[in-house]
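The block underneath contains the structure these notes are about, expressed in structure tokens.
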Amino acid sequence: MTDSHPARTPPLLEVAGLTKSFFGVRVLHGIGYSLRAGEALGLVGENGSGKSTTMNILGGVHQPDGGAMLLDSAPYAPAGPGEAIRAGIAFIHQELNLFPNLTIEENLFIDGFPRRSRLIPLIDRAAIRRRTEDLLAQVNLDLKPGTPVARLSQGERQLVEIAKALGRSPKVIIFDEPTTSLTRREVDRLFAIIARLKARGIGIIYISHALEDVMTVCDHVTVLRDGALAGGGRRQDLSVPAIIAMMVGRSIDTVFPPRTVRPRAEEALVVEDLSQPGVAEAISFSIRAGEVLGLAGLMGSGRSELARMIFGLDRFARGRISVAGRPLENPTPITAMEAGIAFLTEDRRSEGLLMGFSVAENMVLTSLPAVAGALGLVDGRKVVDTAVSMARTVHLSTEKVSDTLVKHLSGGNQQKVVIGKWLLRQPAVFILDEPTRGIDVGAKQEVYRIINQLVERGSAVLLISSEIEELIGLSDRILTLCRGELTGGFERSPGPGPGFDREAIMTAATGVAVARTRTGTRDVA
Amino acid sequence: MTAVPPVDVERARARPTGHLRLARLVLSEYFTLVLCALYLAAVYPFVPEMLTAEVAANVLSDMMPLLVVAIGQTFVLVIAGIDLSVTAIISMAAVVGASVMTGTGGYLAGSPLAVPGAILAMLLVGLAIGAINGLSVTRLNMPSFIVTLATRMFFAGAAIWYTTFHSASSSIADLPAGFTAIAEGDVLGVPVTVLIAVAVAVAAHLTLSRSRLGRHIYAVGANPKAARISGVPVARTILITFMISGACAAITSVMYVSRMQTGSPIVGENILLDVIGAVVIGGTSLFGGKGKVLWTVFGVLFLVLLDTSMKLLGASLFAIFIIKGGVILLAAMIDTLRHRLMATR
Amino acid sequence: KAQGTKTIAVLFDGLYSEFWVAGIQIIRDDLEKRGFQIMEAISDQDDNKQFEQVRAAIAKKVDGIIIVQTDSNAVIPAIKAANAANIPMVHFNRPPAPSDAFSVAIQADNQKIAREAVLHSCKVAKESGRKHQAAILIGDLGDPNAIQRRDGFEEAVGQFPDAVEVVARVPTEWNADTAFAGLTNALQANPDISFVFTSSDFLIPQITQALKAADKWAPIGAENHVIFTGFDGFPAAYGLMNDKLMDACGVQNLFYETELAIQAILDLQAGKTVEKLLLDPGFAITQDNLEEKKEEMWGYVLWKKENAG
Amino acid sequence: MKIGSRLLLLLLQNAPYVLFVVLLVAFGLMSDRFLAVANFRNIIIQAAPIAILAIGMTFVLLIAHIDLSVGASMYLTASVLALYFTGVPWPVGLAAVAVGGAMIGLVNGLVVTRLGVASFIVTLAMLFILRGIAMWLSNTRMLMFPDAITDLNRTALLGIPSAILAFLVVFALAWVVLHQTPFGRQVYAVGEDPEAARKAGLPVERITLACFVIAGLCAGIGGFVTISQIGAVGPKYGDQVEFAAIAASVLGGVSLFGGRGSVAGTVFGAILIKTVQNGLNIINADPYIYPLVTAAIIFLAVAIDGLRTRILERLEQRTIRPLSEA
Ligand SMILES: Nc1ncnc2c1ncn2[C@@H]1O[C@H](COP(=O)(O)OP(=O)(O)OP(=O)(O)O)[C@@H](O)[C@H]1O
Ligand SMILES: Nc1ncnc2c1ncn2[C@@H]1O[C@H](COP(=O)(O)OP(=O)(O)OP(=O)(O)O)[C@@H](O)[C@H]1O
Ligand SMILES: [Mg+2]
Ligand SMILES: [Mg+2]
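Quick mapping for you: the protein sequence lines, in order, are chains A, B, C and D. The first sequence: position 433 = 433 (my numbering), numbered continuously. The second sequence: position 270 = 270 (my numbering), numbered continuously. The third sequence: position 48 = 48 (my numbering), numbered continuously. The fourth sequence: position 146 = 146 (my numbering), numbered continuously.
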């Protein structure tokens with residue numbers, strides 16, 4: 001039990017004593033919680049604390065080693081996802097679970113299409129269209145049911161997942177980190193939908209690292225630490241710092257560590273007139289050594305695309321890039337790296353890491369010449385030494401760098417590996433695209449600390465983040481990007497206080513035609 | 001290709017530690033070698049000749065050509081590709097090489113450059129077809145399965161056609177003694193083909209496990225997107241990999257041609273399944289990112305032992321088919337079980 | 001080695017048609033009758049594999065090798081290996097290329113036999129008084145037998161330029177459905193085809209099907225009869241000759257060849273000198289000489305056996 | 001969008017068909033016999049077996065697996081038919097090979113799903129085993145089929161030759177199953193991402209199994225159509241047809257990585273391949289160039305497809321801002 005409020009009605013869902021091991025390692029040590037109809041339960045904890053695992057058990061993806069679950073006061077032990085769905089548990093996974101090659105309507109009914117008749121297994125196309133339209137309306141999504149999911153933005157896909165969950169008339173909906181790729185406005189829309197779901201008597205389990213969001217949405221909060229319960233309670237009895245203290249076992253007071261150095265005079269990266277039809281228009285800016293330049297913008301405003309163009313991953317039609325005064329013509333990732341640029345992608349899983357490889361192998365991939373020995377062959381000793389020392393630098397939780405596979409690390413630690421592999425190159429310019437996406441407060445702190453160390457050593461940092469607080473806390477300057485165009489530039493005002501005008505940045509980021517941004521984000525040719 | 005089957009984590013439990021030795025052996029990368037030993041023990045009562053020096057020497061020399069081409073295939077499989085064209089490369093290189101050096105109308109007939117010229121031509125054929133494969137995959141965005149299926153068909157046909165311009169019979173003979181010496185000669189008692197194969201294997205092993213290129217190859221096989229962003233020249237790596245496979249096939253062709261003293265346009269035509277089978281039995285994944293030269297050595301050894309024993313038994317063709325298929329299937333099943341076991345530890 | 005019993009290795013390159021199946025069976029029966037053990041292996045048209053099989057046979061210390069290689073040049077290292085091990089080697093049906101290695105070959109002259117059979121058909125064509133359009137089904141282009149039979153065909157029709165014109169050369173790759181499709185297409189392109197030669201009788205069922213579909217399956221004398229020449233002398237070929245559906249067929253004398261092969265092995269073992277080349281002249285069986293020659297046709301003997309029971 | 005690029009887009013989207021038309025024109029110019037209705041009927045009859053096989057292969061490719069055993073499966077079922085079902089009426093024969101093929105598919109599927117062995121290896125091993133068993137049963141002899149079966153080749157219903165009829169029925173069924181039934185859509189989902197499909201509650205193993213059974217079933221039916229045409233089977237029967245079936249599917253746009261493609265494309269691919277062979281036969285081309293031309297055309301078609309996807313991706317790329325402004 002997470003708390004001791006008076007039992008008005010029997011709980012919708014009760015979980016007690018869940019245990020679970022992977023490969024002989026215990027990751028859950030007796031988790032319990034309960035959920036009432038019409039209420040939202042927040043589940044928080046550091047990376048790898050077991051949140052997703054707990055929910056995977058509830059959703060039938062994994063089976064527990066021990067413990068019991070009661071749904072509507074009846075024993076509940078799903079043998080597979082299908083069974084959980086039929087029992088009324090809808091699961092919106094951390095990594096979205098849609099099929100881009102199918103249409104929205106097909107995705108909504110993939111596990112149970114309405115048939116034309118009981119005997120003939122033909123899909124009743126008219127029925128699914130009607131019901132899809134209805135469900136899309138429920139999540140305020142104005143799309144044609146026949147649209148292939150491949151064409152949807154991340155936020156739209158999230159809403160489709162919710163619509164899919166609604167189609168099952170669920171008793172419980174689990175949201176595993178639903179906001180990591182949503183814009184603020186989409187987040188607000190999501191919250192409105194969650195409020196409506198609660199009003200309909202559906203129980204919500206909400207997992208997130210965004211503690212403010214949790215405090216907004218949830219009625220109760222349960223905190224996990226290292227696979228065990230670390231506390232929790234009713235929302236009104238808790239505060240964000242208190243939750244953080246429960247999560248990490250200590251209190252973290254200053255969120256953004258102070259920085260002692262000022263940007264230097266020399267320009268590390270200069271971008272002039274960068275343009276690509278449909279993506280970017282005449283973008284010019286520069287970053288000085290020792291400076292953090294924040295790039296703010298709505299989701300889909302083209303920040304990632306801009307970063308990818310600079311790093312030579314995407315082509316551009318026009319424009320010049322120079323690093324430390326030297327022009328970088330037709331950049332490719334290789335020439336960009338040689339010029340001193342490093343790039344941390346927003347998609348750690350599919351672009352940042354070789355998930356099945358060890359920490360050491362991942363780390364040295366970008367700096368193979370540095371670990372070469374005789375005959376230019378890779379020297380295994382040097383590899384391990386290099387990786388171990390970098391693991392220390394980034395405070396990685398493991399030092400078994402050649403035995404630990406990256407896929408077995410938590411999100412935060414994975415991010416440290418990516419950062420570490422770029423730090424090994426001692427980059428003059430480090431482009432960080434959403435460096436704290438999906439990682440917990442403790443790990444975020446580490447990332448902030450590393451950013452500070454970087455600029456103190458004289459690197460320039462281009463920081464892309466959807467968390468405006470993060471940009472304000474870390475940047476020396478902030479640019480705003482809207483629909484592929486720079487729409488504003490802000491200098492940190494000296495002295496105490498936040499240093500930036502949050503409202504002004506938001507306004508610049510949304511551009512003038514605020515109302516048009518949603519349709520404007522996508523224009524399929 | 002298919003996705004790697006998910007490991008059944010839910011069934012995974014901490015295991016009590018017993019039979020540790022055996023378990024470690026079964027799980028180790030020497031597993032295929034263990035299988036070889038087990039197989040030898042099983043067939044020994046029926047074919048005692050298996051353990052004679054003569055048969056051992058035969059096994060060794062039969063292994064070498066297959067090993068070299070299988071090593072090339074290993075590279076391609078590691079980048080999650082496949083090279084079905086190796087057999088056609090062997091045939092094409094064979095007839096081109098023979099047409100250069102044959103005493104009857106060869107381009108370099110009688111010249112002291114005939115042998116080196118022919119070997120060079122064969123290597124060039126291998127590299128060129130490998131380059132066609134690689135460029136088609138990288139530049140034209142084609143799946144390697146189809147590219148190499150098409151080049152296999154093309155060059156198998158081309159080799160036969162080419163022969164008609166250089167010989168009245170169906171193959172090109174009258175090769176210089178300097179060339180046939182490759183198959184017959186030895187250095188301090190070690191056959192030349194063994195030396196060549198060992199050199200290829202060592203070079204390939206160092207390349208894959210120790211060189212920068214090797215790291216790039218594994219990275220491309222595991223995740224090309226991530227590799228590209230980490231500064232790996234993905235397209236070039238793929239191209240080089242196919243060229244390595246082509247060159248290895250050409251070296252195999254040199255061995256076959258010198259052994260048969262004939263450039264035949266159908267030499268090696270039927271060994272594709274042996275090549276891929278050997279590599280996969282060794283443990284290299286068809287899905288990329290995983291594979292070792294040593295594993296391939298064991299895989300080839302296993303297949304050749306199997307073949308040799310059946311030759312000595314005088315097994316009929318259908319028995320060979322059934323046994324070979326069954327053994328490949330069994331080895332793959334054991335390998336899968338082994339990986340499941342490994343995942344639970 | 002096991003006392004008393006001697007072992008003979010019988011190495012064929014494939015059992016792709018009834019000729020080889022019957023051949024290996026006759027050799028097998030004969031050797032067994034004489035008290036030999038047999039070590040059999042099929043190389044599947046892979047000369048390298050066959051070389052390895054020869055070495056395995058040598059390691060097994062066999063007392064003689066009967067071999068059918070795919071390529072006449074590529075077999076020479078195998079002969080040398082057998083020479084070095086002092087094991088007699090006899091080539092069944094296909095001779096090796098000339099070399100200083102010693103072995104005995106039984107040869108059927110594919111080209112000559114094909115030529116003779118086709119010559120008969122050409123004469124039939126000429127006697128009909130009109131010009132015939134001809135199609136040849138060519139075997140696998142990598143197979144020397146196929147090439148020789150094609151060359152024999154070309155030589156024969158070359159002598160009758162005004163009676164026969166070759167309008168379709170259909171590659172079959174020794175593959176039944178390729179042959180069927182190829183002949184069907186050739187008949188489509190040249191509806192007047194009235195002369196067909198197949199490089200092997202094993203394609204008879206497909207040819208029958210294609211000709212039936214084109215309404216050209218009729219006995220000799222009928223308006224829409226196609227002059228049909230076979231090769232090998234299969235039981236099915238005899239059946240067609242008997243039914244007057246086939247005009248001529250090049251026959252390899254299988255019984256004679258197997259007899260020669262086994263005798264040669266025995267003689268070599270006994271240390272007698274044997275000619276390097278023992279010829280099976282083969283013959284063309286035609287409607288004219290069918291009765292007198294059929295007993296020599298292996299296909300007839302098998303056919304008789306089948307149709308007796 | 002500009003007219004020019006729209007035209008380019010249209011051309012690219014239909015590139016395989018453009019190639020087909022080019023081929024037709026080329027062969028048509030070389031022989032006046034080529035562009036005849038009877039010849040097209042011929043082409044389709046000849047393409048029917050491989051098309052049926054490729055339709056089955058498409059199911060397996062769609063779930064990102066592969067079946068290399070279909071040719072051997074054809075040989076084994078045909079041998080069993082010839083040896084043990086002599087004298088049965090043809091519908092019984094057809095049922096026998098279809099059931100036999102489906103059972104072989106079931107074995108493939110069970111090993112793949114239950115034991116988790118890669119399908120490439122399973123079906124490769126099965127290729128050897130099935131071929132071996134068939135040679136053993138038939139003693140590597142040529143097996144003949146009775147007139148009841150071979151006469152089917154010359155039978156027509158409502159003027160449609162039996163081979164074309166069989167092919168149309170299989171095609172229509174496959175199309176409906178893939179596009180109009182829950183199972184079909186789930187096949188696409190499993191092919192796209194089996195792990196996601198499992199999480200979505202789909203019976204991934206059962207679907208995988210079903211696809212292998214369908215491939216086996218189609219191998220049986222395709223094999224039956226082939227034997228009705230060629231009348232006899234020998235040890236080379238069905239050799240390498242798996243590659244032809246895969247080539248036909250890929251030519252028609254089926255991805256080897258699962259989740260993309262359709263049986264309509266597959267059928268087109270099969271017809272394209274047979275058209276090339278037919279055209280070469282009709283123009284009496286030099287036998288030596290057959291494999292060269294066929295390979296070159298397969299290569300070309302897939303190369304165009306690869307380029308097309310790349311260019312289409314670029315043209316249809318997500319844009320952040322309206323293009324006209326740029
Ligand atoms: N399928 C799996 N196989 C092996 N280990 C796993 C698996 N899934 C989770 N783990 C391990 O279990 C632990 C708990 O992971 P879980 O995903 O539940 O954490 P989480 O709280 O959701 O973290 P995050 O905030 O990063 O999403 C981690 O140590 C993780 O590495
Ligand atoms: N309409 C779309 N079509 C295809 N992919 C999309 C679409 N919208 C978003 N994505 C992909 O989803 C991921 C995240 O979405 P999005 O691009 O909106 O966020 P972002 O990259 O953070 O935005 P920004 O461009 O401002 O950095 C990206 O990998 C992007 O390529
Ligand atoms: Mg999680
Ligand atoms: Mg971004």
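Glycine included, C-beta positions come from ideal geometry on N, C-alpha and C.
Among the CB atoms of chain D, one or more fall inside 7 Å of the CB of A:Leu122.
Ranked by how close their Cα comes to the Cα of D:Phe145, the residues C:Ala168, C:Ala78 and C:Pro205 have C:Pro205 in first place.
Between B:Ser285 and chain A, the shortest Cβ-Cβ separation is not below 7 Å.
Annotation for A:Asn47 indicates a beta carbon within 6 Å of some heavy atom of ligand 1. Under the Cβ criterion (8 Å, minimum of three pairs), the segment 266–280 of chain D does not count as touching the segment 123–138 of chain B. Under DSSP, C:Cys249 forms a beta bridge with C:Gly230 and C:Ile285. Between A:Ala324 and A:Ala268, the C-beta gap is smaller than 7 Å, which places the two residues in contact. Distance from the CA atom of C:Thr184 to the CA atom of D:Val177, rounded to whole angstroms, is 34 Å.
Excluding five sequence positions before and after C:Tyr256, the CB atoms of its chain that fall closer than 6 Å to its own CB belong to Asp280, given in chain order. Between the segment 82–100 of chain C and the segment 51–66 of chain C, the count of Cβ pairs shorter than 8 Å is three or higher; the stretches touch. In this structure B:Leu188 is exposed. Its beta-carbon is surrounded by fewer than 16 other beta-carbon atoms within 10 angstroms. Separation of D:Gly258 and D:Val187 (C-alpha to C-alpha, rounded to the nearest whole angstrom) is 9 Å.
Legend: CB atoms of the segment 242–269 of chain D lying less than 7 Å from CB atoms of chain B belong to residues Phe243, Ala247, Val250, Leu256 and Phe257. Within 10 angstroms of the beta-carbon of D:Leu29 lie fewer than 16 other beta-carbons, which makes it exposed.
With a threshold of 16 other beta carbon atoms within 10 Å, D:Tyr75 meets it and is buried. Closest option to C:Ile193, judged by alpha-carbon separation, among D:Ile282, D:Leu35 and D:Ile50: D:Ile282. Only residues of its own chain outside the window of five on either side were considered, and among them Ala218 and Pro219 have a CB closer than 7 Å to the CB of C:His225, listed in chain order.
Across the segment 218–235 of chain D, CB contacts with chain C closer than 8 Å involve Thr226, Gln229, Ile230, Gly231, Ala232, Val233, Gly234 and Pro235, in sequence order along the chain.
C:Glu32: member of the alpha helix (DSSP H) spanning Glu18 to Lys33, first to last residue. Apart from the 5 residues on each side of it in sequence, C:Glu306 sits with its Cβ closer than 7 Å to the Cβ of Pro235 in its chain, given in chain order. Rounded to the nearest whole angstrom, the C-alpha separation of D:Cys218 and D:Glu192 is 23 Å. Going by beta carbons, B:Ala278 and B:Leu303 fall inside the 7 Å limit. A straight line joining the alpha-carbon of A:Pro11 with that of A:Lys171 spans about 12 Å.
By the CB criterion at 7 Å, B:Val95 and B:Leu108 fall outside the cutoff. The count of Cβ pairs closer than 8 Å, one atom from the segment 240–249 of chain B and one from the segment 67–86 of chain B, reaches three, so the stretches are in contact. For chain D, the residues of the segment 159–170 of chain C that bring a beta carbon within less than 8 Å of one of its beta carbons are Val167, Ala168, Arg169 and Val170, in chain order.
The criterion of a C-beta distance shorter than 7 Å is not satisfied by A:Arg425 and A:Thr335.
Distance check between A:Ser493 and each of A:Val461, A:Ser52 and A:Asp476 places A:Asp476 closest, using alpha-carbon atoms only. Taking a Cβ-Cβ cut-off of 7 Å, the neighbours of B:Met260 in chain C comprise Asp47, Asn48, Phe51, Ala74 and Pro77, given in sequence order.
Excluding the 5 residues flanking it on each side, B:Leu313 has same chain C-beta neighbours closer than 7 Å at Phe46 and Val47, in chain order. Inclusion of C:Pro171 and D:Tyr290 in the CB contact set at 7 Å is warranted, their separation being smaller than that value.
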